[in-house]
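Undergrad: Have a look at this one before I ask anything.
There are 2 protein chains.
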Amino acid sequence: MSTPPPTTASTTAPPPAADLAHDATDLRMATFRLARRLRAERAIDSMSDGQFAVLANLHVHGPHTLGELAERERVSAPSMNRTVNHLEELGYLTRTPDDTDRRKVNIALTDEGRSVVVETTRRRDSWLEHALEDLEPHQRETLAAAATIMRGMADR
Amino acid sequence: MSTPPPTTASTTAPPPAADLAHDATDLRMATFRLARRLRAERAIDSMSDGQFAVLANLHVHGPHTLGELAERERVSAPSMNRTVNHLEELGYLTRTPDDTDRRKVNIALTDEGRSVVVETTRRRDSWLEHALEDLEPHQRETLAAAATIMRGMADR
DNA sequence: TATTGTTATACTCTATAACTATA
DNA sequence: TATAGTTATAGAGTATAACAATA
Chain F
2 MSTPPPTTAS TTAPPPAADL AHDATDLRMA TFRLARRLRA ERAIDSMSDG QFAVLANLHV
62 HGPHTLGELA ERERVSAPSM NRTVNHLEEL GYLTRTPDDT DRRKVNIALT DEGRSVVVET
122 TRRRDSWLEH ALEDLEPHQR ETLAAAATIM RGMADR
Chain A
2 MSTPPPTTAS TTAPPPAADL AHDATDLRMA TFRLARRLRA ERAIDSMSDG QFAVLANLHV
62 HGPHTLGELA ERERVSAPSM NRTVNHLEEL GYLTRTPDDT DRRKVNIALT DEGRSVVVET
122 TRRRDSWLEH ALEDLEPHQR ETLAAAATIM RGMADR
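Residue numbers (the numbering used here), protein chains in the order written: chain F, 2 to 157; chain A, 2 to 157.
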């Protein structure tokens, strides 16, 4: 079990034994920094993170109602409505009234919206791939394992 | 444009052997989700991420000029100026003209601003600590190692 | 009456362009 | 002339409150 620590540790390599607080701080900073760096990679500069998040949600999870989108992005319904309006004007998604419940609207990606998601995603993944290429195999394995754990944490 | 690989990440886990693309996608999603979850934890609900980022920068790296802050946060100088104005009105930082170059202003945290940083940071770390507690030791070790690698990637 | 979406209103954050003060 | 900061202006994203349409 006692695998030697990835000795690439540059400056600080304290015994990680029970130092939860240190680990938490370290992971927080690392997560924020990497997320920020990744976010800078985008297909359309004029598209905000919030806009892209909506398109990405529709891409991954299929059509949503307005309320579902708002809840998923944890913003208010009016705020989401505004964002959806904008994306609709840009031609990235469509609104169609729900057949069974006329109060609802089904929001779905257009082909153009889908291509924005695909292209932006590819840019970010491409940046990440290049970064991963520069790592040693055991570091990549560490990151792959970490990704699974992190997703589990975020969903808790 | 070459045809993109079928990035339709299917639900089942593929062999991670040399699948850089898959690892990249996975790490991207995990990083964004965890960052988003962490960002929701804050000491003052009315404080935006951008505002907090400025305070955090001053806390970690000491006083900055306006231009330095704008560059560090990758926003325009007028945008940073506005944010700094607001934070100054709230009493979280101070502006003082530079002695040697009167065009510059030195922006520094007040005690109150520092406490906002400390408290928000503590909330986020606390959330993370609880999440880490629910993991197995080897998972925590993986995350600790991953944090170091991720920071290195973000700084590349 | 409850739910879903939308509009009204207001505030923050963002940008570019133009301006002031200093080097 | 160049640089640092600020102001002017405009657009996008956020929220709460109020409203309309539908269930």
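Note that the Cβ used here is the ideal one computed from N, Cα and C, for glycine as well.
Rounded to whole angstroms, what's the CA-CA distance from M1/A to S127/F? Just pull it up for me.
TA: This structure cannot settle anything about residue 1/A, because the visible part of chain A is limited to 2 through 157.
Undergrad: Report the residues of the region 24–41 of chain F with a CB closer than 9 Å to any CB of chain A, ordered along the chain.
TA: From the region 24–41 of chain F, only D24, A25, T26, D27, L28, R29, M30, A31, T32, F33, R34, L35, A36, R37, R38, L39, R40, A41 have a Cβ closer than 9 Å to chain A.
Undergrad: Restricting to runs no shorter than 4 residues, where is the alpha helix (DSSP H) found entirely within the region 69–156 of chain F?
TA: Those alpha helix (DSSP H) runs which fall completely within the region 69–156 of chain F and span 4+ residues are 78–90, 112–134, 138–155.
Undergrad: How would you list, in chain order, the residues of chain F whose beta-carbon sits under 7 Å from the beta-carbon of R157/A?
TA: Within 7 Å Cβ-Cβ: A132.
Undergrad: Chain F partners of Q140/A, CB-CB under 7 Å?
TA: Simply I150.
Undergrad: So what does H60/A bridge to, in DSSP terms?
TA: Beta-bridge pairing links H60/A to no other residue.
Undergrad: Cβ closer than 7 Å: which chain A residues qualify as neighbours of R125/F?
TA: R29, listed in chain order.
Undergrad: Would A145/A pass as an interface residue toward chain F - the criterion being a Cβ-Cβ separation below 8 Å?
TA: Closer than 8 Å to some Cβ of chain F, the Cβ of A145/A qualifies, so yes.
Undergrad: Near G63/F, which residues of its chain fall below 7 Å by C-beta distance, leaving aside the five closest residues on each side in sequence?
TA: There are no such residues.
Undergrad: Under 7 Å Cβ-Cβ, which residues of chain A neighbour M154/F?
TA: The contacting residues are L35, A132.
Undergrad: Strictly by DSSP, which residues pair up with H23/A?
TA: DSSP lists no partner for H23/A.
Undergrad: So, under 8 Å CB-CB, L67/A and A78/A are touching, yes? Tell me the CB distance rounded to an integer number of Å.
TA: Indeed they touch by this definition, with Cβ atoms about 6 Å apart.
Undergrad: Comparing C-alpha positions only, which one of M151/F, R123/F, D50/F, R124/F sits nearest to L136/A?
TA: L136/A has its Cα closest to that of M151/F, out of M151/F, R123/F, D50/F, R124/F.
Undergrad: Looking at C-beta atoms only, is the number of pairs between the region 81–94 of chain A and the region 114–130 of chain A that lie closer than 8 Å three or more?
TA: Output reads yes: the region 114–130 of chain A touches the region 81–94 of chain A.
Undergrad: Should R34/A go down as buried or exposed, given a rule of 16 or more other Cβ atoms within 10 Å for buried?
TA: Buried: at least 16 other Cβ atoms inside 10 Å.
Undergrad: Let me know if R29/F comes out buried or exposed under the rule of 16 or more other beta-carbons within 10 Å of its beta-carbon.
TA: R29/F comes out buried.
Undergrad: Could you name the residues of chain A that A71/F contacts, counting a contact when the two beta carbons are closer than 9 Å?
TA: By Cβ distance, chain A contributes nothing, its closest Cβ being about 15 Å from A71/F, past 9 Å.
Undergrad: If R124/A and E42/A are in contact, beta carbons under 8 Å, what's the gap, nearest whole angstrom?
TA: Contact flag correct, Cβ pair sits at about 5 Å.
Undergrad: Interface residues of chain F around A78/A at Cβ under 8 Å?
TA: Correct list: empty, because the minimum Cβ distance to chain F is about 18 Å.
Undergrad: Using a beta-carbon distance below 8 Å, is L59/A in contact with chain F?
TA: It does not; no Cβ of chain F falls within 8 Å.
Undergrad: Looking at the C-beta of A22/A, does it have a partner C-beta in chain F at a distance below 8 Å?
TA: True, the Cβ-Cβ gap to chain F drops below 8 Å.
Undergrad: Within the 8 Å Cβ cut-off, does L56/F reach chain A?
TA: So no, L56/F is outside the interface.
Undergrad: Given a cut-off of 8 Å, decide if V85/F and P98/F are closer than it, judged by their beta-carbon atoms.
TA: No. Outside cutoff.
Undergrad: Taking C-beta pairs closer than 9 Å, name the residues in chain F that L136/A reaches, listed in chain order.
TA: By Cβ distance, chain F contributes I150, G153, M154.
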